[in-house]
Amino acid sequence: MTDFTLKTNADGVAVITWDTVGKSMNVMNQQGFTDLETLIDQALADDAVKGIVITSGKDTFAGGMDLNIIAKMKDSAGDDPARGLFDGVMGMHAILRKIERAGMDPKTNKGGKPIAAALPGTALGIGLEIPLACHRIFAADNPKAKIGLPEIMVGIFPGAGGTTRLVRKLGAMGASPLLLEGKLNDPQGAKRAGVIDDVVADPVAAAKEWVLSNPTIVKPWDEKGYKMPGGAPYHPAGFMTFVGASAMVNGKTQGVYPAAKALLSAVYEGALVPFDTALKIEARWFTNVLMNPSSGAMIRSLFINKEALEKGANRPDAPDQKVKKVGVIGAGMMGAGIALVSALAGIQVVLIDAKQEAADKGKSYTADYMDKGIARKKVTEDKKAAVLGLINATTDYAALTGCDLIVEAVFEDPGVKAEVTKNVQAVTGPDCIFATNTSTLPITELAKASQDPTKFIGIHFFSPVDKMMLVEIIKGRDTGDLAVAKALDYARQIRKTPIVVNDARFFYANRCIIPYINEGIRMVKEGVAPALIENAAKLVGMPLGPLQLVDETSIDLGVKIAKATKAALGDAYPDGAVDEVLFWMADQNRLGRKSNAGFYTYDEKGKRSGLWQDLAAQYPVADDQPDVITVQHRLLFAQVLEAVRALEDGVLEDIREGDVGAILGWGFAPWSGGPFSWLDIIGAPYAAERCDQLTAQFGDRFKTPDLLREMADKGQEFYKRFAKQDHAA
Ligand code: NAD
Numbered sequence: 050m051t052d053f054t055l056k057t058n059a060d061g062v063a064v065i066t067w068d069t070v071g072k073s074m075n076v077m078n079q080q081g082f083t084d085l086e087t088l089i090d091q092a093l094a095d096d097a098v099k100g101i102v103i104t105s106g107k108d109t110f111a112g113g114m115d116l117n118i119i120a121k122m123k124d125s126a127g128d129d130p131a132r133g134l135f136d137g138v139m140g141m142h143a144i145l146r147k148i149e150r151a152g153m154d155p156k157t158n159k160g161g162k163p164i165a166a167a168l169p170g171t172a173l174g175i176g177l178e179i180p181l182a183c184h185r186i187f188a189a190d191n192p193k194a195k196i197g198l199p200e201i202m203v204g205i206f207p208g209a210g211g212t213t214r215l216v217r218k219l220g221a222m223g224a225s226p227l228l229l230e231g232k233l234n235d236p237q238g239a240k241r242a243g244v245i246d247d248v249v250a251d252p253v254a255a256a257k258e259w260v261l262s263n264p265t266i267v268k269p270w271d272e273k274g275y276k277m278p279g280g281a282p283y284h285p286a287g288f289m290t291f292v293g294a295s296a297m298v299n300g301k302t303q304g305v306y307p308a309a310k311a312l313l314s315a316v317y318e319g320a321l322v323p324f325d326t327a328l329k330i331e332a333r334w335f336t337n338v339l340m341n342p343s344s345g346a347m348i349r350s351l352f353i354n355k356e357a358l359e360k361g362a363n364r365p366d367a368p369d370q371k372v373k374k375v376g377v378i379g380a381g382m383m384g385a386g387i388a389l390v391s392a393l394a395g396i397q398v399v400l401i402d403a404k405q406e407a408a409d410k411g412k413s414y415t416a417d418y419m420d421k422g423i424a425r426k427k428v429t430e431d432k433k434a435a436v437l438g439l440i441n442a443t444t445d446y447a448a449l450t451g452c453d454l455i456v457e458a459v460f461e462d463p464g465v466k467a468e469v470t471k472n473v474q475a476v477t478g479p480d481c482i483f484a485t486n487t488s489t490l491p492i493t494e495l496a497k498a499s500q501d502p503t504k505f506i507g508i509h510f511f512s513p514v515d516k517m518m519l520v521e522i523i524k525g526r527d528t529g530d531l532a533v534a535k536a537l538d539y540a541r542q543i544r545k546t547p548i549v550v551n552d553a554r555f556f557y558a559n560r561c562i563i564p565y566i567n568e569g570i571r572m573v574k575e576g577v578a579p580a581l582i583e584n585a586a587k588l589v590g591m592p593l594g595p596l597q598l599v600d601e602t603s604i605d606l607g608v609k610i611a612k613a614t615k616a617a618l619g620d621a622y623p624d625g626a627v628d629e630v631l632f633w634m635a636d637q638n639r640l641g642r643k644s645n646a647g648f649y650t651y652d653e654k655g656k657r658s659g660l661w662q663d664l665a666a667q668y669p670v671a672d673d674q675p676d677v678i679t680v681q682h683r684l685l686f687a688q689v690l691e692a693v694r695a696l697e698d699g700v701l702e703d704i705r706e707g708d709v710g711a712i713l714g715w716g717f718a719p720w721s722g723g724p725f726s727w728l729d730i731i732g733a734p735y736a737a738e739r740c741d742q743l744t745a746q747f748g749d750r751f752k753t754p755d756l757l758r759e760m761a762d763k764g765q766e767f768y769k770r771f772a773k774q775d776h777a778a
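Position 274 of the sequence shown, counting from 1, maps to 323 under our numbering, and the rest follow consecutively.
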């Protein structure tokens, strides 16, 4: 059975239907291309066929290329992978070009058969690149459908002619947001943007009618005198577009994403030459991106492994644990967000706080969220009423009767948490799974207040809950499989990506992020210019510099954590130099964004207005400044070595979780694929050598972990040594 079938109707229209076997959405693979080409050849050669319609047997058109194949393309491209990849990509171009030319005479552009695409729903990636090669695109009027080229989001760019065709269709300016940001539109939006041609009730019927209407099919770029919309790069208008686009890309990506740079080069260089040469240029740059380890690492972490974790790669065997009624205790910042995402998933929510006023305030967060959706015409009043109707904001613990999950988000105080646990279980009994959203307190300790520690677990959300995609699920010493399954099934319901880790100080994410912030602050104390620290971090792909990050999370929280850590570690506490700066900032009442003053200054509206220059009066900037790479390595290794230690300690059981969690949890340089992928890119031997140098220069916190040393000696890679296969991957 093949994914493509052809049926020629009596009216002379050949309908090619794409229906990937065994998948809910069509995805393209090598065999699919071969099959599509065979059917196109057949239809073009058949005299009974007057026109061709390409459509889907599913309610969507296609989700894109099978990324599992793209991730492995380089490895399976033979001894000369760049050549193998380039040839493979050119083969793809040849098929789509055959669709576009449709048998026309190359000199006169006469003859040929009209080919239309009929999209019943979502069309992404290659699922739009094929329609772009057709002569007209019809889409069903389905507001839920998404149409676009999101490749850039996973570290590649549209490499099956999508880049070249879209730029020629819309001009560089029109195509830029779609290519560079991977912006998706609904069908009406895609029509307004000029990506597709018609939005209709029945796209197949409309497409059939169109191909039989004797339409002109030659593409503008195949006609003499074609001019790119908005002007080619060497015309003044086009020139400005490219200068702007180049500045925008570098401003947004800091130049760390190879795909964005390659895309822009393909667009610019392609715009200077005839269409077929432009396709060749696109293929070269696409090959260049596929050869870069960043693209493989990004696809692996941001797509393949993220999806595997969402599908329950590490879920214990247990019956379905879908949550029907959740009790959220504490309606503060976190509780309010947890109530929102639960209600959005259709789960009944009891939102409890000590005072009715506080519970109501927590619920109003959902109302505000829905109102914003209404203002953007994404949400209806009915939907708002339905979601709010699911949330019961109360002080009455009796309302928790019937809950099958509790998420506790009260103050970060073990005494308060213990009392809440007891009060809740007096109503729910011991069988209801009890989760705490603590960010720092050990789960095993908190579980002592529970009637049944096997049903006690950590579900650590990140702030703001509705935006952050990660949840960190923490197993206490006694946490049982049922609780883990419950937490994972809940994460799936609320559409978050889960990682499952073991109990240890700061679990996984905070354990890695705190050393990053501390290293930044330590450098301030040493006299490294704050602008150098912040820019070095951004230039290596961190979304926020360490000083901005601590301003966001608040300096008093940093002080609180430092004090608690010092109390726990005693003499072994390593961060005295950091605390000096942190405590001094707190004494100056510069608590970060929340006090409108921190390492940065803020205007009266709370907008960041630059680094605080007077910091230098207390911590003077040294005459000698380190080079950028040294600063970057200090900041990266501070995080990465914690990730390796978390693996050594057994806090992390799966490096996929370490990488996905790092990118989604705290934005660890996404271009790298995560800390373990980064170590694989630079290689264990170099990493160990660099750690030795950093240790000699800056201290024992950079000491090479035994595991990394051993891997360096043996020349091993993390993704080879710790590869995990599972049913969902
Ligand atoms: P918050 O101060 O905004 O909210 C806590 C809420 O709990 C308040 O509304 C308070 O009235 C309520 N509360 C306190 N005692 C209560 C009791 N006995 N019964 C019922 N309600 C009670 O705090 P937050 O930032 O939402 O944090 C809550 C928890 O989430 C903490 O454990 C924190 O460590 C954790 N957490 C916070 C973040 C963050 O970024 N803020 C991130 C992850 C986890």
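Quick reminder that beta carbons are idealized off the backbone N, C-alpha and C, glycines included.
A quick note: this is a predicted structure, and the numbers were derived from the prediction, not measured.
Residue 78 in three-state terms, based on DSSP: What you label residue 78 is simply residue 29 of the sequence shown in a count that begins at 1. Coil, per DSSP.
Burial state of residue 566, where buried means 16 or more other Cβ atoms lie within 10 Å: Here residue 566 is taken as the residue at index 517 of the sequence shown, counted from 1. The residue is buried, with at least 16 neighbouring Cβ atoms inside 10 Å.
Whether residue 684 touches residue 558 by CB criterion (8 Å): In the sequence shown, counting from the first residue as 1, residue 684 sits at position 635. In the sequence shown, counting from the first residue as 1, residue 558 sits at position 509. No, Cβ-Cβ distance for residue 684 and residue 558 is not below 8 Å.
Reduced DSSP secondary structure (H/G/I, E/B, other) of residue 100: As a working mapping, residue 100 is identified with position 51 in the sequence shown. In the three-state reduction of the DSSP assignment, residue 100 falls in the strand class.
Own chain, CB closer than 7 Å to residue 767, minus 5 neighbours either side, in chain order: Position 718 of the sequence shown holds residue 767. For residue 767, where only same-chain residues beyond five positions count, the Cβ hits under 7 Å are 704, 725, 728, 729.
Same chain, Cβ closer than 6 Å to residue 359, neighbours up to 5 away in sequence not counted: Residue numbering aside, residue 359 sits at position 310 when the sequence shown is read from its first letter. So the qualifying residues of the chain are 546.
Where residue 55 sits in the DSSP three-state scheme: Counting from 1 along the sequence shown, the entry for residue 55 is found at position 6. In the three-state scheme derived from DSSP, where H, G and I count as helix and E and B as strand, residue 55 is classed as strand.
8 Å Cβ cutoff met for residue 102 and residue 167: If you number the sequence shown from 1, residue 102 lands on position 53. If you number the sequence shown from 1, residue 167 lands on position 118. Inclusion of residue 102 and residue 167 in the CB contact set at 8 Å is warranted, their separation being smaller than that value.
Residue 162 classed as buried or exposed, judged by whether at least 16 other C-beta atoms fall within 10 angstroms: Locating residue 162 in the sequence shown gives position 113, counting from the first residue. With 16 or more other Cβ atoms within 10 Å, it is buried.
heavy atom of the ligand NAD below 7 Å from residue 402 C-beta: Position 353 of the sequence shown, counting from 1, holds the residue named residue 402. Checking the Cβ of residue 402 against the ligand NAD gives yes.
Residues near residue 113 in its chain [Cβ-Cβ closer than 8 Å; skip 5 each side]: Position 64 of the sequence shown holds residue 113. Cβ within range, chain order: 76, 77, 173, 174, 175, 176, 199, 200.
Cutoff 7 Å; reference residue 659; Cβ partners in own chain excluding five residues on either side: Here residue 659 refers to the residue found at position 610 of the sequence shown. Cβ neighbours of residue 659 beyond the five flanking positions: 649, 650.
Contact belief for residue 444 with residue 403 at Cβ below 8 Å, rounded distance in angstroms: Start at 1 with the first residue of the sequence shown, and residue 444 comes out as number 395. Start at 1 with the first residue of the sequence shown, and residue 403 comes out as number 354. Contact flag correct, Cβ pair sits at about 7 Å.
Nearest candidate by alpha-carbon position, reference residue 281, set 628, 318, 721, 560: Within the sequence shown, numbered from 1, the residue matching residue 281 stands at position 232. Comparing Cα-Cα distances from residue 281 to each of 628, 318, 721, 560, the minimum goes to 318.
Cα-Cα separation between residue 55 and residue 93, rounded to whole angstroms: Within the sequence shown, numbered from 1, the residue matching residue 55 stands at position 6. Within the sequence shown, numbered from 1, the residue matching residue 93 stands at position 44. For residue 55 and residue 93, the distance between alpha carbons rounds to 12 Å.
Backbone CA spacing between residue 623 and residue 393 [nearest angstrom]: Within the sequence shown, the letter at position 574 stands for residue 623. Within the sequence shown, the letter at position 344 stands for residue 393. If you take the alpha carbons of residue 623 and residue 393, they lie about 43 Å apart.
Integer-rounded CB distance, given that residue 502 should sit under 8 Å from residue 21: A question about residue 21 goes unanswered here, because the residues of the chain that appear run from 50 up to 778.
Straight-line gap, residue 302 to residue 367 (C-alpha atoms, nearest Å): If you number the sequence shown from 1, residue 302 lands on position 253. If you number the sequence shown from 1, residue 367 lands on position 318. In a straight line, the C-alpha of residue 302 is about 43 Å away from that of residue 367.
For residue 538 and residue 372, believed in contact at Cβ under 8 Å, the rounded distance: Here the question's residue 372 lines up with position 323 in the sequence shown. Here the question's residue 538 lines up with position 489 in the sequence shown. Between residue 538 and residue 372 the Cβ distance is about 7 Å, and since that is below 8 Å, they are a contact.
Neighbour-count burial assignment, residue 284, 16 or more Cβ in a 10 Å radius: The residue you call residue 284 lines up with position 235 of the sequence shown. Per the 10 Å Cβ criterion, exposed.
Status (buried if at least 16 other CB within 10 Å, exposed otherwise) for residue 776: Taking the sequence shown and counting its residues from 1, the one referred to as residue 776 is at position 727. For residue 776, the predicted structure reports a pLDDT of 39, less than 50, and the residue's modelled location is therefore unreliable. The matter cannot be settled from this model.
beta-carbon residue 468 near the ligand NAD non-hydrogen atom, thresh 7 Å: In the sequence shown, counting from the first residue as 1, residue 468 sits at position 419. Yes, the Cβ of residue 468 comes within 7 Å of a heavy atom of the ligand NAD.
Three-way DSSP call (helix, strand, coil) for residue 713 in this model: Residue numbering aside, residue 713 sits at position 664 when the sequence shown is read from its first letter. In the structure shown, residue 713 sits in a helix (DSSP, three-state: H, G or I).
Burial state of residue 497 (16 or more Cβ within 10 Å): Within the sequence shown, the letter at position 448 stands for residue 497. When all chains shown are included, residue 497 counts as exposed.
Cβ pair residue 84, residue 52 closer than 8 Å: The residue you call residue 84 lines up with position 35 of the sequence shown. The residue you call residue 52 lines up with position 3 of the sequence shown. Yes, they are a contact pair.
Exposed unless 16 or more other CB atoms sit within 10 angstroms - verdict on residue 255: Locating residue 255 in the sequence shown gives position 206, where the first residue counts as 1. So residue 255 counts as buried.
CB-CB length for residue 106 against residue 68, believed under 8 Å: On the sequence shown, residue 106 is found 57 positions in, with the first residue counted as 1. On the sequence shown, residue 68 is found 19 positions in, with the first residue counted as 1. The pair is a contact, with the Cβ atoms about 3 Å apart (cut-off 8 Å).
Residue 185 (DSSP reduced to helix, strand or coil): Sequence index remark: in the sequence shown, residue 185 carries index 136 (1-based). Residue state, collapsed to three classes: strand.
Stretch pair the stretch 225-241 + the stretch 375-384: three plus CB contacts closer than 8 Å: no
Between the CA atoms of residue 169 and residue 189 - distance to the nearest angstrom: By one-based count along the sequence shown, residue 189 stands at place 140. By one-based count along the sequence shown, residue 169 stands at place 120. Between residue 189 and residue 169, the C-alpha separation is close to 5 Å.
Start-to-end residues for the alpha helix (DSSP H) that takes in residue 40: Residue 40 lies beyond the range of the chain shown here (50 to 778); nothing can be said about it.
Cα-Cα separation between residue 778 and residue 355, rounded to whole angstroms: Reading the sequence shown from its first residue, position 729 is the one you call residue 778. Reading the sequence shown from its first residue, position 306 is the one you call residue 355. Note that residue 778 scores a pLDDT of 34, beneath 50, so its modelled location is shaky and nothing firm can be said.
Buried versus exposed call for residue 391 [16 or more other C-beta atoms within 10 Å across all chains shown]: Within the sequence shown, numbered from 1, the residue matching residue 391 stands at position 342. Burial call: buried.
Identified DSSP bridge partners for residue 122: Here residue 122 is taken as the residue at index 73 of the sequence shown, counted from 1. Paired residues: none, contrary to the question.
Check whether residue 27 and residue 486 have beta carbons under 8 Å apart: The requested residue 27 is not part of the displayed model; the chain covers only 50 to 778.
Chain-order list of residues whose beta-carbon lies under 7 Å from that of residue 644 (same chain, five-residue window excluded): Here residue 644 refers to the residue found at position 595 of the sequence shown. So the list reads 638, once near-sequence residues are dropped.
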